[in-house]
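Take 997 as the starting number for the sequence shown in the numbering used here and just add one per residue.
Glycine residues also receive a C-beta, built at the ideal position from the N, C-alpha and C atoms.
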Amino acid sequence: MDLQELLRESVDGQVRDVPAGFADGAIRRVRRRRTRVALASVAGAMLVGAAAATFAMIGPAEPDRNDGAPADRSSSGYDVDLAALPDGPAPALPWYADGHLHIDNTATAFDVEFAAVSLYRVAGGFVVLATEPNGRGAGDPRARTLYSVREGGAPVTLASGPIRGVAVAGLSGQAAVSTADTVSVVDVATGTVLYALETPDDETTPVGFLDGERVLLRTGTGALLTWDVGGGYARYLEDRAIDRLSSAGGPAVLAPGGRLLAITPSATATDVLDTGTGHVLWSRPPAVLTFSPDGRYAALLEAPVPPGVIPSDLDGAEPGDLLERNGPTVTVTQEMLDTVAEHPDDWEKVRHVVIMDARTGAEVRRLTAENAENLRWETGTSVVFGAYRDGEEAALIRCSVDGACELTTQPREVVGEPGVDGNPYLLGDTP
């Protein structure tokens, strides 16, 4: 059985009030739509900084970047100012622009319409999860298509339908794919289902491959399970004394190699655990972390001024003061006060790129950028993300752990709403 057949069974099994064969019609409708549109991503209080369900066991080679000094705060008030950065090489990770998939300086045609897209690198090409623009909504898994694209080749549809999530096993050529009722391991070159098992609930998604024989899953309730491929499920780390092993408040993120796990068990904290001991190494306010390929660093995007807080709320405030609002109580920080003072007219656009020691949480580097988005680790010492200038231009930026930054694409005119769907260069969404 291939993945397309498995998804057709899933669709027909889920639909009760439409004729049999609904899946075939839905699949044909997706295949007929081939015109590109811009990416629609989600902006909110918690900025997604990583493809939480994806990690590469083999990191890319270090690109030849400019060895400049750490970024200086420019006249724009941002550390990362598109007008002041030197040019660097193209990103050594997947990105999309002008109907093509790119990695380094190579380009492969991808003339497919989508409202949102997730990009994965595999040996010899890409895996792409695209959300149909005219379906039931950009985040609706019933309107997704999974493609395999060889470098220089045409997109091959692996499946269309109720795809809940995808996790790619590095460069191995295998992926874990979940539907409303099944999780499977698939050969991404052919779409052949190698292993399949019924899911515990209809919102189960793969977090990543622990090794070649185990897949970490997150259920709809936030529970974490291990699937022994070819066998059954077990509670993850059930032999460890972990009291809060749940990601009910947010996604689970596994560091490459599986030694660290970031979970958000509640609305108040994200914990980073040592999976060998089960101990919580450090905690911070809720965030979506991304780990470097070697597991040494963690990074995130942060809005220093929480949604709903306005400059007048901070008049006369000091760090540590509590702001009582209709929503959650907010503790005033120095970053909030500095941001409003330095950016009185555009404080809502300020984003921090924060790099930390993955085992201690100690801050290594903090950089400011206008509407920074889609943070990705490129190598063990460099990240790539999208950023804007005056809401008019956008580009992809590379910054190293030592603070040196450069352009990896040339700034271009914004195509939509800055920070939402405005960047003409796409690193892709979290699936």
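Discussion item. Going by DSSP in three states, P1202 sits in which element: helix, strand or coil?
Written reply: For this step, residue 1202 is matched to residue 206 along the sequence shown. Here P1202 sits in strand by DSSP.
Unbroken beta strand (DSSP E) runs of length 3 or more, entirely within the segment 1122-1171: which are they?
-> 1140-1146, 1152-1157 and 1161-1164
**Asked** By Cβ distance below 6 Å, which residues in the same chain neighbour G1424 in space, the five residues on each side in sequence not counted?
**Response** Residue 1424 sits at position 428 when you count from the first residue of the sequence shown. Counting only Cβ-Cβ distances below 6 Å, and skipping sequence neighbours, we find V1113, S1114 and L1115.
Can you tell me whether L1089 is helix, strand or coil according to DSSP?
Counting from 1 along the sequence shown, the entry for residue 1089 is found at position 93. L1089: coil per DSSP, three-state reduction.
**Study point:** Beta-carbon proximity list for G1291, same chain, < 8 Å, skipping 5 on both sides
**Key:** Numbered from 1 along the sequence shown, position 295 holds the residue referred to as residue 1291. A1251, P1252, G1253, R1255, L1256 and A1354.
Name, in chain order, the residues that DSSP records as bridge partners for E1369. Here residue 1369 refers to the residue found at position 373 when the sequence shown is read from its first residue. In the DSSP output, where bridge partners are listed per residue, E1369 has G1382.
What is the DSSP secondary structure of S1072, reduced to helix, strand or coil?
On the sequence shown, residue 1072 is found 76 positions in, with the first residue counted as 1. S1072: coil per DSSP, three-state reduction.
Counterpart residues of S1279 in DSSP-defined beta bridges:
As a first step, residue 1279 must be located in the sequence shown, where it is residue number 283. Beta-bridge pairing links S1279 to D1267.
Length of the line joining the Cα atoms of Y1074 and D1398: Taking the first residue of the sequence shown as 1, we reach residue 1074 at position 78. Taking the first residue of the sequence shown as 1, we reach residue 1398 at position 402. C-alpha separation (whole angstroms): 17 Å.
- Message: Can you confirm whether the segment 1365-1379 touches the segment 1291-1306 when touching is taken to mean that 3 or more C-beta pairs between the two stretches lie within less than 8 Å?
- Response: yes
**Asked** Between V1360 and the rest of its own chain, which residues show a CB-CB distance below 8 Å, the 5 nearest in sequence each way excluded?
**Response** Here residue 1360 is taken as the residue at index 364 of the sequence shown, counted from 1. Hits under 8 Å: Y1293, I1351, M1352, D1353 and V1397.
Note to self: Quick check on the DSSP output: what are the complete beta strand (DSSP E) runs of length 3 or more inside the segment 1318-1375, in order along the chain?
What the structure shows: 1346-1353 and 1359-1375
Among P1303, A1230, G1323 and V1336, nearest to A1313 - alpha-carbon criterion:
Taking the sequence shown and counting its residues from 1, one reaches residue 1313 at position 317. Ranking the options by Cα distance to A1313, first place goes to V1336.
Just verifying my parser: in three-state terms, what is the DSSP assignment at D1094? For this step, residue 1094 is matched to residue 98 along the sequence shown. Of the three classes helix, strand and coil, the one that applies to D1094 here is coil, per DSSP.
> Measuring from the CB of E1402, is there a heavy atom of the ligand HEM at a distance below 8 Å?
Replying inline: Among the ligands in the structure shown, none appear at all, so the ligand HEM cannot be discussed.
Requested in this report: With R1214 as the anchor, note down where its beta strand (DSSP E) starts and where it stops.
Outcome: Looking up residue 1214 in the sequence shown gives position 218. Its beta strand (DSSP E) spans residues R1210 to R1214.
- Locate the beta strand (DSSP E) running through T1178, then write down its first and last residues. Locating residue 1178 in the sequence shown gives position 182, where the first residue counts as 1. Per DSSP, T1178 belongs to the beta strand (DSSP E) from T1178 to D1183.
- Where T1464 and E1147 are concerned, what is the direct C-alpha to C-alpha distance, given to the nearest angstrom? As displayed, the chain neither begins before 997 nor continues past 1427, which places residue 1464 out of reach and without an answer.
CB contact flag (T1266, L1285, <9 Å):
On the sequence shown, position 270 is the one that residue 1266 refers to. On the sequence shown, position 289 is the one that residue 1285 refers to. Their beta carbons are under 9 Å apart, which means T1266 touches L1285 by this criterion.
_Could you tell me the alpha carbon to alpha carbon distance between R1362 and P1307, rounded to whole angstroms?_
Here residue 1362 refers to the residue found at position 366 of the sequence shown. Here residue 1307 refers to the residue found at position 311 of the sequence shown. Cα to Cα, R1362 sits roughly 22 Å from P1307.
Look up D1083 in the DSSP assignment and give the residues it is bridged to. Counted from its first residue, the sequence shown places residue 1083 at position 87. For D1083, which the question treats as bridged, DSSP gives the partners L1403.
- Message: Let me confirm a value: L1318 is counted as buried when at least 16 other C-beta atoms fall within 10 Å, else exposed. Which label applies?
- Response: Residue numbering aside, residue 1318 sits at position 322 when the sequence shown is read from its first letter. Classification for L1318: exposed.
Inset, instruction - Assign N1419 to buried or exposed, taking buried as 16 or more other Cβ atoms, counted over all protein chains shown, within 10 Å of its Cβ. - result: Residue numbering aside, residue 1419 sits at position 423 when the sequence shown is read from its first letter. It counts as buried.
Q. If we count the other Cβ atoms within 10 Å of its Cβ and call it buried at 16 or more, is A1079 buried or exposed?
A. Counting from one through the sequence shown, the residue named residue 1079 turns up at place 83. Its Cβ having fewer than 16 others within 10 Å, A1079 is exposed.
key: Identity of the residues DSSP links to R1394 by a beta bridge   = For the purposes of this step, residue 1394 is identified with residue 398 of the sequence shown, where counting begins at 1. According to DSSP, R1394 bridges with V1380 and E1402.
From V1225 to P1196, what distance separates their C-alpha atoms?
The count along the sequence shown starts at 1 and reaches residue 1225 at position 229. The count along the sequence shown starts at 1 and reaches residue 1196 at position 200. In a straight line, the C-alpha of V1225 is about 15 Å away from that of P1196.
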